[in-house]
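> Sharing a structure here in structure tokens format.
There are 2 protein chains.
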Amino acid sequence: MKKPNIVILGAGYGGLMVATRLQKQLGVNEAEIFLVNKNDYHYETTWLHEASAGTLHHDKVRYDVASVIDKNKVTFIQDTVQKISTADKKVVLEGQELSYDYLVVALGAEPETFGIKGLHEYAFMISNVNSARQLREHIEYQFATYNNEAEKDDTRLRIVVGGAGFTGIEFLGELANRVPDLCKEYDIDYHKVKIICVEAAPTALPGFDPELVDYAVSHLERKGVEFKIGTAIKECTPDGFIVAKGENDVEEIKAKTVVWAAGVRGNSIVEESGFEAMRGRVKVEKTLSAPGHNDVFIIGDCALMINEEINRPYPPTAQISMQQGELCANNLVTLVRGKGNLQEFKFDDKGTVCSLGHDDGVGVVFGKKITGSKAAFMKKVVDNRALFMIGGPGLVLKKGKFNFF
Amino acid sequence: MKKPNIVILGAGYGGLMVATRLQKQLGVNEAEIFLVNKNDYHYETTWLHEASAGTLHHDKVRYDVASVIDKNKVTFIQDTVQKISTADKKVVLEGQELSYDYLVVALGAEPETFGIKGLHEYAFMISNVNSARQLREHIEYQFATYNNEAEKDDTRLRIVVGGAGFTGIEFLGELANRVPDLCKEYDIDYHKVKIICVEAAPTALPGFDPELVDYAVSHLERKGVEFKIGTAIKECTPDGFIVAKGENDVEEIKAKTVVWAAGVRGNSIVEESGFEAMRGRVKVEKTLSAPGHNDVFIIGDCALMINEEINRPYPPTAQISMQQGELCANNLVTLVRGKGNLQEFKFDDKGTVCSLGHDDGVGVVFGKKITGSKAAFMKKVVDNRALFMIGGPGLVLKKGKFNFF
């Protein structure tokens with residue numbers, strides 16, 4: 001009897017979780033497992049704000065996929081997915097085609113620009129290792145250039161961040177810590193630097209406890225960040241953002257560095273492959289399978305699940321991706337072995353911590369509000385836990401965060 | 001009796017030499033000494049190729065002027081010189097005016113572009129700390145951007161250097177050492193990187209012994225540098241250089257990084273202040289005074305002196321600047337004290353070493369040709385000697401190069 005082919009697309013939190021759990025649970029003879037990823041490394045999406053601000057080297061936020069894969073059980077293919085064809089059960093990669101019996105779509109997110117003009121062209125994004133280090137170097141180049149120009153251009157020292165959600169706030173926290181070092185490095189007066197955050201919603205960190213939001217905003221303001229809340233971005237230009245508070249109060253914010261940190265959507269390959277999706281996210285069954293496709297599982301940022309308590313979708317996070325990956329692996333084992341029932345996913349919310357630099361933060365953990373160094377500590381625990389879940393203690397030792405104090 | 005005012009313009013090799021020698025030789029009551037410099041630091045012009053390539057941090061190539069000045073004897077003024085008025089014996093700075101009894105012009109060099117179109121606008125220069133670190137960051141930004149673009153632009157990985165003279169060759173040596181690190185940092189295939197050097201003269205390192213030139217060129221070629229010798233730069237554009245071998249053989253070299261390292265001239269303030277000069281260099285008397293101005297001394301890159309053995313000007317180097325500074329200080333002491341005769345300058349050529357990265361080089365020292373690690377060693381001795389001459393053993397310990405092996 002032919003072994004079934006399990007193809008996992010993406011080596012992010014979800015995909016790697018499936019691969020590492022399957023290699024533990026299935027014997028060599030039970031299935032042929034393929035893991036496909038564009039890069040030969042996994043990166044910690046939740047640490048990219050640090051690599052982007054330059055407070056953590058990008059090599060610290062990634063590790064080789066090979067280092068957590070059991071080669072006897074999982075075949076790693078470095079290639080880019082072009083299309084999924086459910087009709088003939090295959091995946092088209094740039095370099096080859098793969099047939100599957102069971103497919104796991106864990107392709108992650110893309111920036112969502114909500115149709116705002118100019119964002120794709122002129123704004124930097126915090127999406128992956130490539131974009132993070134480009135942003136870091138762009139900022140550094142602006143500072144390096146400032147003193148070498150006869151006519152000083154203060155917009156080189158201005159960084160505007162679109163979005164005061166999770167990514168925006170965490171990036172601002174790192175940036176506020178990085179700027180004094182940049183000023184020292186390039187002989188620049190700290191007071192000439194401006195960091196501005198523009199958020200369309202009526203509050204920063206929408207969804208967070210208002211007390212924690214206040215803490216985060218005043219912490220960042222104390223470090224020099226200027227907030228424009230309830231202000232929409234109308235357009236991104238080569239010179240900065242055009243924003244509006246209300247319909248008439250239009251303002252141009254000139255800055256050489258413009259960062260878009262305000263939204264993600266699922267991978268567009270999901271839509272292009274014919275799955276019914278909202279912004280690249282497929283409303284999956286409770287077993288995590290795609291509607292009408294018992295052999296296709298969709299997890300992580302491409303999956304949409306409703307939090308029935310508040311009747312709104314769960315936000316896409318590493319935490320939920322990894323829990324989905326674990327359950328998805330269990331269900332694949334059940335299918336491969338042909339006995340037992342598929343499990344249904346239930347999100348176990350362990351809490352959320354938003355960092356404000358390496359030494360501060362806000363969050364809710366096990367239902368309890370925390371701020372300050374306690375939150376910063378918990379953030380590192382959360383970060384290390386993600387490493388542990390996928391790569392065990394060895395990976396934690398290699399890539400973990402131990403600067404606790 | 002009023003103490004005479006001695007004003008020294010510039011804290012480069014020449015100016016600092018005058019200041020440090022005067023503070024040793026003159027008593028507090030003999031003269032009022034002012035040292036004017038744009039920055040509060042001195043930088044090692046001869047090490048800038050390293051800061052530009054990113055092989056040595058720019059803070060390593062500079063030190064505070066205050067750290068080598070005796071504040072009881074020398075008043076340091078951080079300001080920019082705008083004009084020298086010999087008619088009323090004063091210097092106009094941006095922030096104030098200074099009257100002098102004796103003036104030392106040690107304002108250093110500027111890039112000479114020989115009227116080549118576009119160089120000032122589009123080429124990077126290796127002129128000072130500001131330009132060096134901007135160039136370093138520009139190159140790094142190009143490498144950082146490469147992998148983040150859907151359509152790969154290989155010209156981001158191309159660096160064209162105009163000039164195979166001393167600065168050009170030394171910069172190429174550092175660059176060739178730096179590129180493998182950049183490739184590793186940004187996941188770039190080393191073979192995609194191109195370093196091209198364009199030189200109008202019929203040889204690299206004109207004036208050097210042909211055997212040493214061959215050594216240098218083949219060393220750099222082995223490290224991947226491509227030479228276009230006997231090729232003139234016609235124009236610099238935002239896309240690269242337009243070059244020509246002969247009149248008709250025109251070629252466009254596309255590169256996102258274009259460096260002009262082919263020529264220097266004296267400071268234009270010298271000409272603008274009415275001194276008769278050739279490319280900003282004044283043909284000084286043997287006492288180093290400006291023709292017709294016994295109270296004005298011009299030293300370093302703004303001074304022109306003929307090497308009578310070959311009837312050509314001495315090239316502007318740190319070595320000659322420092323020797324001139326020493327003699328200039330002696331002559332000022334003589335003038336202040338009003339007894340004795342002024343000394344005449346005679347260049348004591350101790351040799352020249354051109355580095356090819358930190359571990360190789362070519363040179364002539366005390367009349368003997370050297371190459372390889374011996375030359376690299378001597379280069380560091382030369383670099384440390386410059387520190388010693390101005391700041392004594394303390395400065396050598398603080399800023400010296402000790403990576404001899």
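If you read the sequences in order, they're chains B and A.
Numbering of the first sequence is given in UniProt numbering, commencing with residue 1 and proceeding in unit increments.
Numbering of the second sequence is given in UniProt numbering, commencing with residue 1 and proceeding in unit increments.
Backbone N, C-alpha and C fix where the C-beta goes; we use that ideal spot for every residue, glycine too.
1. Under 8 Å between beta-carbons, which chain B residues line up against tyrosine 190 (chain A)? List them in chain order, please.
2. If you measure between the beta carbons of alanine 261 (chain A) and isoleucine 126 (chain A), is that distance less than 8 Å?
3. Run the CB neighbour count on valine 179 (chain B), radius 10 Å, all protein chains shown included, and call it buried at 16 or more, exposed below.
4. Hey, would you say isoleucine 159 (chain B) sits closer than 8 Å to alanine 255 (chain B), going by beta carbons?
5. If the criterion is Cβ atoms closer than 8 Å, does the pair glycine 363 (chain B) and alanine 375 (chain B) meet it?
6. Does the segment 323-340 of chain A come close enough to the segment 12-30 of chain A that 3 or more CB-CB pairs lie under 8 Å?
7. Taking DSSP as the reference, what is the three-state secondary structure of leucine 22 (chain A)?
8. Any contact of the segment 219-226 of chain B with the segment 162-177 of chain B, i.e. 3+ C-beta pairs under 8 Å?
9. With distances taken between CB atoms, is the gap from glutamine 142 (chain A) to arginine 156 (chain A) smaller than 8 Å?
10. Taking 6 Å as the limit between beta carbons, can you name the residues of its chain near serine 131 (chain A), skipping five residues before and five after?
11. Applying the 10 Å Cβ sphere with the 16-neighbour rule, what's the burial state of aspartate 249 (chain B)?
12. Could you pull out every unbroken beta strand (DSSP E) segment of at least 3 residues lying fully inside the segment 236-298 of chain A, listed in chain order?
13. Relative to the alpha-carbon of proline 206 (chain A), which residue among A:Ile195, A:His58, A:Gly168 has its alpha-carbon at the smallest distance?
14. Determine whether the beta carbon atoms of valine 243 (chain B) and isoleucine 229 (chain B) lie at a separation below 8 Å.
15. Below 7 Å between beta carbons is the criterion; list the residues of the segment 131-153 of chain A that meet it against any residue of chain B, in chain order.
16. Does DSSP classify alanine 200 (chain A) as helix, strand or coil?
17. Got a sec: which bits of the segment 172-189 of chain B sit with their beta carbon under 9 Å from any beta carbon on chain A, in order along the chain?
18. Helix, strand or coil for isoleucine 126 (chain B)? Go by DSSP, reduced to three states.
19. Going along the chain, which residues of its own chain have a beta-carbon closer than 7 Å to the beta-carbon of serine 268 (chain A), five neighbours each way excluded?
20. Sorted by chain position, which residues of the same chain lie with C-beta nearer than 8 Å to lysine 71 (chain B)'s C-beta, five sequence neighbours on each side aside?
21. Judging by CA-CA distance, which residue of A:Lys398, A:Phe275, A:Phe34 is the nearest neighbour of glycine 292 (chain A)?
22. Alpha carbon to alpha carbon, how far is isoleucine 196 (chain B) from phenylalanine 227 (chain B)?
23. Rounded to whole angstroms, what is the Cα-Cα separation between leucine 212 (chain B) and glycine 54 (chain B)?
24. Rank A:Val74, A:Leu93, A:Thr86 by C-alpha distance to the C-alpha of threonine 80 (chain A) and give the top, closest one.
25. What residues in its chain sit with their C-beta under 6 Å from that of isoleucine 84 (chain B), if we drop five residues either side in the sequence?
26. Note down, in chain order, each residue of its chain lying with its Cβ closer than 6 Å to the Cβ of isoleucine 8 (chain B), except the 5 sequence neighbours on either side.
27. The beta strand (DSSP E) with proline 111 (chain A) in it runs from where to where?
28. Could you please give the first and the last residue of the uninterrupted beta strand (DSSP E) stretch that includes threonine 352 (chain B)?
29. Look at the Cβ atom of valine 65 (chain A), then the Cβ atom of histidine 42 (chain A), and state whether they are nearer than 8 Å.
30. Note down the Cα distance separating aspartate 40 (chain A) from isoleucine 320 (chain A), rounded to an integer number of angstroms.
31. Among the candidates B:Gly118, B:Gly340, B:Phe347, whose CA atom is the shortest distance from the CA of methionine 305 (chain B)?
32. Just the C-alpha distance for glycine 10 (chain B) and glycine 325 (chain B), rounded to the nearest angstrom, thanks.
33. Would glycine 300 (chain B) pass as a contact of tyrosine 100 (chain B) if the rule is Cβ separation under 8 Å?
34. Are there three or more Cβ pairs, one per stretch, closer than 8 Å when the segment 377-395 of chain B is compared with the segment 55-62 of chain B?
35. Taking its Cβ as the centre, do 16 or more other Cβ atoms sit within 10 Å of residue 429 (chain B), making it buried, or is it exposed?
36. Taking all protein chains shown into account, do 16 or more other C-beta atoms lie within 10 angstroms of the C-beta of serine 289 (chain A), making it buried, or fewer, making it exposed?
The answer reads as follows:
1. One-based indexing of the second sequence puts residue 190 (chain A) at position 190. Those do not exist, as tyrosine 190 (chain A) stays about 17 Å from chain B at its closest Cβ, beyond 8 Å.
2. In the second sequence, residue 261 (chain A) corresponds to position 261, counting from 1. In the second sequence, residue 126 (chain A) corresponds to position 126, counting from 1. Cβ distance < 8 Å, so alanine 261 (chain A) and isoleucine 126 (chain A) count as in contact.
3. The residue you call residue 179 (chain B) lines up with position 179 of the first sequence. Counting Cβ neighbours within 10 Å, valine 179 (chain B) comes out buried, since at least 16 surround it.
4. Sequence index remark: in the first sequence, residue 159 (chain B) carries index 159 (1-based). Sequence index remark: in the first sequence, residue 255 (chain B) carries index 255 (1-based). Alanine 255 (chain B) is positioned such that its CB atom lies closer than 8 Å to that of isoleucine 159 (chain B).
5. Looking up residue 363 (chain B) in the first sequence gives position 363. Looking up residue 375 (chain B) in the first sequence gives position 375. When the beta-carbon positions are compared, glycine 363 (chain B) and alanine 375 (chain B) come within less than 8 Å of each other.
6. With the cut-off at 8 Å, the segment 12-30 of chain A and the segment 323-340 of chain A touch.
7. In the second sequence, residue 22 (chain A) corresponds to position 22, counting from 1. Helix.
8. Verdict: yes, contact present.
9. The sequence position of residue 142 (chain A) within the second sequence is 142, counting from 1. The sequence position of residue 156 (chain A) within the second sequence is 156, counting from 1. If you check the CB distance, glutamine 142 (chain A) and arginine 156 (chain A) come in under 8 Å.
10. Indexing the second sequence from 1 puts residue 131 (chain A) at position 131. Answer for serine 131 (chain A): Met125, listed in chain order.
11. Locating residue 249 (chain B) in the first sequence gives position 249, where the first residue counts as 1. By the neighbour-count rule (16 or more Cβ atoms within 10 Å), aspartate 249 (chain B) is not buried but exposed.
12. Counting only runs of 3 or more, we get 240-245, 249-254, 257-260, 264-266, 293-298.
13. What you label residue 206 (chain A) is simply residue 206 of the second sequence in a count that begins at 1. Closest by alpha carbon: A:Gly168.
14. Here residue 243 (chain B) refers to the residue found at position 243 when the first sequence is read from its first residue. Here residue 229 (chain B) refers to the residue found at position 229 when the first sequence is read from its first residue. No, they are not a contact pair.
15. Flagged, chain order: Ser131, Arg133, Gln134, Glu137, His138, Glu140, Tyr141, Ala144, Thr145, Asn147, Asn148.
16. The residue given as residue 200 (chain A) occupies position 200 in the second sequence. When secondary structure is reduced to three states using DSSP, alanine 200 (chain A) falls in the coil class, being assigned neither helix nor strand.
17. Of all residues in the segment 172-189 of chain B, only Glu185, Tyr186, Asp187 place a beta-carbon less than 9 Å from a beta-carbon of chain A.
18. Locating residue 126 (chain B) in the first sequence gives position 126, where the first residue counts as 1. The DSSP-derived three-state label of isoleucine 126 (chain B) is coil.
19. In the second sequence, residue 268 (chain A) corresponds to position 268, counting from 1. These residues qualify, in order along the chain: Glu110, Gly280.
20. Taking the first residue of the first sequence as position 1, residue 71 (chain B) is located at position 71. No residues qualify anywhere along the chain.
21. The residue given as residue 292 (chain A) occupies position 292 in the second sequence. The residue with the shortest Cα to Cα distance from glycine 292 (chain A) is A:Phe275.
22. As a position in the first sequence, residue 196 (chain B) is number 196, starting the count at 1. As a position in the first sequence, residue 227 (chain B) is number 227, starting the count at 1. Rounded to the nearest whole angstrom, the CA to CA distance from isoleucine 196 (chain B) to phenylalanine 227 (chain B) is 6 Å.
23. Counting from 1 along the first sequence, the entry for residue 212 (chain B) is found at position 212. Counting from 1 along the first sequence, the entry for residue 54 (chain B) is found at position 54. Rounded to whole angstroms, leucine 212 (chain B) to glycine 54 (chain B) spans 26 Å at the Cα level.
24. To locate residue 80 (chain A), count along the second sequence from 1; it is residue 80. Nearest of A:Val74, A:Leu93, A:Thr86 to threonine 80 (chain A), Cα basis: A:Leu93.
25. Working through the first sequence from its first residue, we reach residue 84 (chain B) at position 84. Cβ neighbours of isoleucine 84 (chain B) beyond the five flanking positions: Val91, Ser273.
26. Here residue 8 (chain B) refers to the residue found at position 8 when the first sequence is read from its first residue. Within the same chain, Gly15, Val18, Ala19, Leu35, Val104 come within 6 Å of isoleucine 8 (chain B) by CB-CB distance, once the 5 residues on both sides are set aside.
27. As a position in the second sequence, residue 111 (chain A) is number 111, starting the count at 1. That run of the beta strand (DSSP E) goes 109-111.
28. Here residue 352 (chain B) is taken as the residue at index 352 of the first sequence, counted from 1. Its beta strand (DSSP E) spans residues 351-355.
29. Residue mapping note: residue 65 (chain A) aligns to position 65 of the second sequence, counting from 1. Residue mapping note: residue 42 (chain A) aligns to position 42 of the second sequence, counting from 1. Contact flag set, yes.
30. Mapped onto the second sequence, residue 40 (chain A) falls at position 40. Mapped onto the second sequence, residue 320 (chain A) falls at position 320. Each residue's alpha carbon lies about 24 Å from the other.
31. Here residue 305 (chain B) refers to the residue found at position 305 of the first sequence. Of the candidates B:Gly118, B:Gly340, B:Phe347, the one whose C-alpha sits nearest the C-alpha of methionine 305 (chain B) is B:Phe347.
32. Along the first sequence, one-based indexing puts residue 10 (chain B) at 10. Along the first sequence, one-based indexing puts residue 325 (chain B) at 325. Approximately 11 Å between the Cα atoms of the pair.
33. Here residue 300 (chain B) refers to the residue found at position 300 when the first sequence is read from its first residue. Here residue 100 (chain B) refers to the residue found at position 100 when the first sequence is read from its first residue. Glycine 300 (chain B) places its beta carbon 8 Å or farther from that of tyrosine 100 (chain B).
34. In this structure the segment 377-395 of chain B does not touch the segment 55-62 of chain B; the number of beta carbon pairs closer than 8 Å is below three.
35. The structure shown does not extend to residue 429 (chain B), since chain B spans only 1 to 405, so no value can be given for it.
36. Residue numbering aside, residue 289 (chain A) sits at position 289 when the second sequence is read from its first letter. Serine 289 (chain A) should be labelled buried.
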